[in-house]
Each structure stands twice: as structure tokens, then as C-alpha cells.
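FYI, in the working numbering the residues of the sequence shown are 1 to 339.
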Amino acid sequence: MPNDERTIYLKNLNPLQTLGCFFNNLGNSYVEVGDAEAAMMAFARAVEVTPTLGEARTNLGNLFLRSGRLGEAIEEYNAALQINPKDAKTRNNLGNALGEAGRDSEAVTEYLYALELDPDYVDAYRNLAIAYTRQGKYPEALSQLKRVAAGAPKNAEIQSQMGDVYTRMGDIQTAVARFNTALKLEPNLAEAYFGLAVCYNRLGRTEDEIAAYSKALSLDPQMAAAWANLGNVYFTRQRYEAAAEHYRRAAALRPDDASIHYNLGSACLRQEDFGSAAKAYARAVELQPELGDGHYGLAYACYRLGQLESAWAHLTKARDLGVAVPPEQIDAIQRALKK
1 MPNDERTIYL KNLNPLQTLG CFFNNLGNSY VEVGDAEAAM MAFARAVEVT
51 PTLGEARTNL GNLFLRSGRL GEAIEEYNAA LQINPKDAKT RNNLGNALGE
101 AGRDSEAVTE YLYALELDPD YVDAYRNLAI AYTRQGKYPE ALSQLKRVAA
151 GAPKNAEIQS QMGDVYTRMG DIQTAVARFN TALKLEPNLA EAYFGLAVCY
201 NRLGRTEDEI AAYSKALSLD PQMAAAWANL GNVYFTRQRY EAAAEHYRRA
251 AALRPDDASI HYNLGSACLR QEDFGSAAKA YARAVELQPE LGDGHYGLAY
301 ACYRLGQLES AWAHLTKARD LGVAVPPEQI DAIQRALKK
């Protein structure tokens, strides 16, 4: 680390600086053993006693980012960069936090700055491509990925990421080729199997799609999107029990995703499990109050459960949100309410 006015390293440390370094190192030790809570406390203490210790601020920002505390992560990264503005890794991590916060233009700026500081920074190229992809700038994303792939032709993750961009562009055959190249380089790359499954869906190769999603999940059981998408496959095949089970696994991993709860409600409804359907639909509209189809599904489930007041309330809400409610459904609930 350079010995200049921005760092306390390679200097004679005063007692507070020494203590700050101790807490920073302690935090790193906790990270290594997987104790994020203790690590966060140690890094926070390091920042408290030595506010100019940029490394501790970056480390604290990393933990905030992992726990979804994006505002605090951004604050710590910015503070670290005030101390050492030429830290490429912190620039990259700030870009990640900004991207997760939906601030892609700012994220792009940070990634470009990181690459100015370190032109060989592979993760920054990949993250820049992700930001461009989110913005729909697919040629720009491919340009970054091809640039880094030229210097790292055996990097399976880059090949897989290119496959994802080609998929979004609608060039499915090229996408399949990229994913297969990735798997030749790294046979256990779950994201490449997931990408292949998406391509097989576009090509109507359902059995291959199921096999690819299943392989992805065997390698990475925490892949919520694979559980949800495989649930969609089973739902389309009218295998509602299997669909519901996969949606439940997805919901456990992404409890705040309204679409997963809505799909779970629909799968339960098809099985005439109205209690489970009502619970899932209720969670969906709690997360996304303007989800008209969710209110309609909840109305029907409540009607079948004899919860007529709730059924009418959600049916009315669904109509207000533009759902075309069948007149016979309206009449059925109104008649039941009058009895």
C-alpha cells in the first residue's frame, strides 16, 4: 500500500490508529470464519476509533452490501474513497451497491473509473457488462465481455455471461454455444445450466429445459430463479403439486418476490387447496398492492372458503385495478352475501 498522506500504513502509528488496525484485522478474522455479525461490530469499532482507516470502511461497506443495507454500504464506500480515491476495488464495490440500488448510470461511472485505475480488473469488466445489460445496452455489454475474454479465453463465467446477453438479444443459437463453451471449461457451473434451460424454453425443448434446471439446482440449491422457473414448467404441464413445491422452495429463498407467491397461489388453487392459495395470494398483494390478478385470485379463494366479505373486498379491488372479472363471479358472491 502506498505511503502517502491518505493512508496510516507504513507510518509510526499512534495508539488509536493501532487499535483501529487491530479491530480491522479482527473483523477480517471473523469474516474468514463466517461470523458476519461479529465482523460488522469489529469493523464498525475500527471506523469509530480510526475514521481515516479506509480499508475498514471498505470492509464495513462490503458487509452492508451483502446484507442488503445499500444506503449504508454506499456511504461507507464513499467515505473510503475520500481517503483513497484510487482504490479500484472499492470503486468496483461502490458500483455494485449503486447497481443494486437501481442507480445503473452511476454504477457505470464507478466501473469505468475502476478500469482506468486497473485495466486488468476482470470483475469490473463483468460488472460493467451487467450494468449495461440492465440498461438494455447489449452491444456495449458484449464489447466489454469480448475484451476481457480475449485476455482470459478459459474463463467460463465470462462465456456464460455472454450467453446471457445473447439470450436477451434473441440470438438463442449463439447463446447455447456460449453456455456449452462455458460448461466445457467448467462442468459444474450452475449459472450456465440455468442459461441453457432458458434457451431450451425458447426452443420448446421442455425435457432438456427440465434437465438443465435440475442440474443447476443440484449444483446450487440456493438458485431461487431456477426453482421458480422449474415451477412454471410443471405448472404449464398441469403438474400442480410439483409446481407448488418448487414455488415454495423459491419463496423461501426470495420471500419478498410477489410473483413467486402469486404463482404459488395459482398452483394451490388448481389443487383446490384454497387455504394455501389464499395465504399465498394474500402475501402477493401485501408485497404488491396493485397486483390486480392477485386480488382476483384471493377473492376466489376466499369465496371458496366462505370468507365472503373478504372475497367481495378483493373482487372489488381487482375490478378497480382493471381486471376483467366475469359477471357470474360477481353475481355468485353478491347472492352469497345476501343469504
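Glycine included, every Cβ here is placed at the ideal spot set by N, Cα and C. Treat the numbers as computed from the prediction; the structure is a model and nothing was measured.
What does the alpha-carbon distance come out to for the pair TYR113 and ALA88? What you label residue 113 is simply residue 113 of the sequence shown in a count that begins at 1. What you label residue 88 is simply residue 88 of the sequence shown in a count that begins at 1. If I take the Cα positions, the gap works out to 8 Å.
Thinking just about the alpha-carbon of each residue, which of GLY68, ARG178, ASP120, ASN155 is nearest to the one in ASP164? What you label residue 164 is simply residue 164 of the sequence shown in a count that begins at 1. When only C-alpha atoms are compared, the closest one is ARG178.
Assigned secondary structure, GLY136 (DSSP; H/G/I helix, E/B strand, else coil): Numbered from its first residue, the sequence shown carries residue 136 at position 136. Here GLY136 sits in coil by DSSP.
For ALA56, which residues from the same chain have a beta carbon less than 8 Å from its beta carbon, with the 5 sequence-adjacent residues on both sides left out? Here residue 56 corresponds to residue number 56 of the sequence shown, with the count starting at 1. The residues are GLY20, PHE23, ASN24, GLY27, PHE43, ALA46, VAL47, THR50.
Assuming THR52 and ILE83 form a contact by the criterion Cβ under 8 Å, report the distance between their Cβ atoms to the nearest whole angstrom. As a position in the sequence shown, residue 52 is number 52, starting the count at 1. As a position in the sequence shown, residue 83 is number 83, starting the count at 1. At roughly 6 Å, the Cβ-Cβ gap stays under 8 Å, so THR52 and ILE83 are in contact.
Where SER67 sits in the DSSP three-state scheme: The residue labelled residue 67 in the question sits at position 67 within the sequence shown. Coil at SER67, not helix or strand.
Rounded to whole angstroms, what's the CA-CA distance from ARG6 to ALA131? Just pull it up for me. Working through the sequence shown from its first residue, we reach residue 6 at position 6. Working through the sequence shown from its first residue, we reach residue 131 at position 131. Interpretation of ARG6 is limited by its pLDDT of 42, a score under 50 that renders its predicted location unreliable; the figure taken from the coordinates is listed afterwards. Going from the Cα of ARG6 to the Cα of ALA131 covers about 30 Å.
Check whether the Cβ atoms of TYR77 and GLY61 lie closer than 9 Å to each other. Along the sequence shown, one-based indexing puts residue 77 at 77. Along the sequence shown, one-based indexing puts residue 61 at 61. Yes.
From the DSSP output, in three-state form, read off GLY294 for me. For the purposes of this step, residue 294 is taken as residue 294 along the sequence shown, with counting starting at 1. In this structure, GLY294 counts as helix in the three-state DSSP scheme.
If you count every other CB in all the chains shown that lies within 10 Å of the CB of ALA251, and 16 or more means buried, which is it? Residue mapping note: residue 251 aligns to position 251 of the sequence shown, counting from 1. Per the 10 Å Cβ criterion, buried.
For GLU186, report the span of its alpha helix (DSSP H) as first-last. On the sequence shown, residue 186 is found 186 positions in, with the first residue counted as 1. No alpha helix (DSSP H) contains GLU186, which DSSP labels as neither H nor E.
Just the Cα atoms here: how many angstroms apart are ARG69 and ASN92? Position 69 of the sequence shown holds residue 69. Position 92 of the sequence shown holds residue 92. Using only the alpha carbons, I get a separation of about 17 Å.
Is it true that the CB of ALA39 sits closer than 9 Å to the CB of ILE74? As a first step, residue 74 must be located in the sequence shown, where it is residue number 74. As a first step, residue 39 must be located in the sequence shown, where it is residue number 39. Result no, Cβ atoms of ILE74 and ALA39 do not sit closer than 9 Å.
In angstroms with no decimal places, state the Cα-to-Cα distance between PRO119 and LEU203. As a position in the sequence shown, residue 119 is number 119, starting the count at 1. As a position in the sequence shown, residue 203 is number 203, starting the count at 1. So the two alpha carbons sit approximately 38 Å from each other.
When you compare only the Cα positions, how much space is there between ASN232 and GLN329? Numbered from 1 along the sequence shown, position 232 holds the residue referred to as residue 232. Numbered from 1 along the sequence shown, position 329 holds the residue referred to as residue 329. Their Cα atoms are separated by approximately 27 Å.
Would DSSP call PRO255 helix, strand or coil? Locating residue 255 in the sequence shown gives position 255, where the first residue counts as 1. Coil at PRO255, not helix or strand.
Once you ignore the five residues that flank LEU308 on each side, which residues in its own chain have a CB closer than 8 Å to its CB? Reading the sequence shown from its first residue, position 308 is the one you call residue 308. Closer than 8 Å at the Cβ level, and outside the excluded window around LEU308, lie CYS302, ILE333, ALA336, LEU337.
Under the three-state reduction of DSSP, which class applies to GLN222: helix, strand or coil? One-based indexing of the sequence shown puts residue 222 at position 222. Three-state DSSP puts GLN222 in coil, outside helix and strand.
Give the C-beta separation of ALA311 and ALA324 to the nearest angstrom, bearing in mind that I take them to be a contact with Cβ-Cβ under 8 Å. Within the sequence shown, numbered from 1, the residue matching residue 311 stands at position 311. Within the sequence shown, numbered from 1, the residue matching residue 324 stands at position 324. Actually they are not in contact, since the Cβ atoms of ALA311 and ALA324 sit about 17 Å apart, beyond 8 Å.
From ASN188 to GLU157, what does the alpha carbon distance come to, in whole angstroms? In the sequence shown, residue 188 corresponds to position 188, counting from 1. In the sequence shown, residue 157 corresponds to position 157, counting from 1. Distance between the alpha carbons of ASN188 and GLU157 is about 11 Å.
Given a cut-off of 9 Å, decide if ARG283 and HIS261 are closer than it, judged by their beta-carbon atoms. Counting from one through the sequence shown, the residue named residue 261 turns up at place 261. Counting from one through the sequence shown, the residue named residue 283 turns up at place 283. Closer than 9 Å, so yes.
Check TYR352 in the structure and name its three-state DSSP category. Nothing about residue 352 can be read from this structure; the chain reaches only from 1 to 339.
Less than 6 Å between C-beta atoms, sequence neighbours within five positions excluded: which residues of the same chain meet that for PHE194? Along the sequence shown, one-based indexing puts residue 194 at 194. Once the five neighbours on either side are set aside, the close Cβ partners of PHE194 are ALA216, ALA226.
Give me, in chain order, the residues of the same chain whose beta-carbon lies closer than 6 Å to that of GLY99; leave out the 5 immediate sequence neighbours on both sides. As a first step, residue 99 must be located in the sequence shown, where it is residue number 99. Excluding sequence neighbours, GLY99 sits near ALA107, ALA131.
Endpoints, the alpha helix (DSSP H) within which THR316 is located: Here residue 316 refers to the residue found at position 316 of the sequence shown. Note, THR316: alpha helix (DSSP H), 308-320.
Residues near LYS154 in its chain [Cβ-Cβ closer than 6 Å; skip 5 each side]: As a first step, residue 154 is located in the sequence shown; it is residue number 154 there, counting from the start. Only LEU185 meet the Cβ criterion.
Closer than 7 Å by C-beta to ARG319: which residues in its own chain qualify, once you throw out the five before and the five after it? Chain order, please. Position 319 of the sequence shown, counted from the first residue, corresponds to residue 319. If we look at ARG319 and ignore the five residues flanking it on each side, its Cβ neighbours are VAL325.
Express the C-alpha separation of HIS246 and LEU145 in angstroms, rounding to a whole number. Locating residue 145 in the sequence shown gives position 145, counting from the first residue. Locating residue 246 in the sequence shown gives position 246, counting from the first residue. Straight-line Cα distance between these residues: approximately 33 Å.
Do LEU81 and LEU94 have their C-beta atoms within less than 9 Å of each other? For the purposes of this step, residue 81 is identified with residue 81 of the sequence shown, where counting begins at 1. For the purposes of this step, residue 94 is identified with residue 94 of the sequence shown, where counting begins at 1. The answer is yes: Cβ separation under 9 Å.
Please say whether ALA197 and ALA182 have beta carbons closer to each other than 9 Å? Counted from its first residue, the sequence shown places residue 182 at position 182. Counted from its first residue, the sequence shown places residue 197 at position 197. Cβ distance not < 9 Å, so ALA182 and ALA197 don't count as in contact.
Using a Cβ-Cβ cut-off of 6 Å (strictly less than) and excluding sequence neighbours within five positions of PRO327, which residues of its own chain qualify? The sequence position of residue 327 within the sequence shown is 327, counting from 1. Around PRO327: no qualifying Cβ.
ALA212 burial status per 10 Å Cβ neighbour count (16 or more: buried): Position 212 of the sequence shown, counted from the start, is the residue given in the question as residue 212. Buried: at least 16 other Cβ atoms inside 10 Å.
Given this structure, state the Cα-to-Cα distance separating GLU209 from PRO221, to the nearest angstrom. The residue labelled residue 209 in the question sits at position 209 within the sequence shown. The residue labelled residue 221 in the question sits at position 221 within the sequence shown. Distance between the alpha carbons of GLU209 and PRO221: 17 Å.
In the structure shown, what three-state DSSP assignment does VAL325 receive? Here residue 325 refers to the residue found at position 325 of the sequence shown. VAL325 falls in the coil class under three-state DSSP.
Pop quiz: LEU128 and LYS86 are said to be a contact at Cβ under 8 Å. What is the actual Cβ separation, rounded to whole angstroms? Translated into the one-based positions of the sequence shown, residue 128 becomes position 128. Translated into the one-based positions of the sequence shown, residue 86 becomes position 86. About 18 Å; that fails the 8 Å criterion.
How about VAL165: is its C-beta nearer than 9 Å to some C-beta of chain B? Included in the structure is just one protein chain, with no chain B present.
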